[in-house]
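Heads up: the structure comes next, in C-alpha cells.
Laid out in C-alpha cells, this is it:
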C-alpha cells in the first residue's frame, strides 16, 4: 500500500514512519511547495 501525505509535521514524525514501516506501508510525501497540484 502506498499513502501520499503532505508535509504536516505530525505526518513526518518517527512514530508515523515506524508504524507505516511495520505495516508494510510506503509513505510518499508531496513537495513542500507544489502550485501545480
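In our numbering, the protein residues as written are 49 to 85. Note that beta-carbon positions come from the ideal geometry of N, C-alpha and C, so glycine has one too. Keep in mind it's a predicted model, so treat the numbers as computed, not measured.
Exercise. Below 7 Å between beta carbons: does that hold for residue 54 and residue 75?
Worked result: In this structure, residue 75 does not lie closer than 7 Å to residue 54 by Cβ.
Problem set entry | First and last residue of the uninterrupted alpha helix (DSSP H) at residue 69 | In this chain, the alpha helix (DSSP H) harbouring residue 69 covers 62-70.
Exercise. Thinking just about the alpha-carbon of each residue, which of 60, 64, 67 and 49 is nearest to the one in residue 80?
Worked result: Put simply, of 60, 64, 67 and 49 the residue whose alpha carbon is nearest the alpha carbon of residue 80 is 60.
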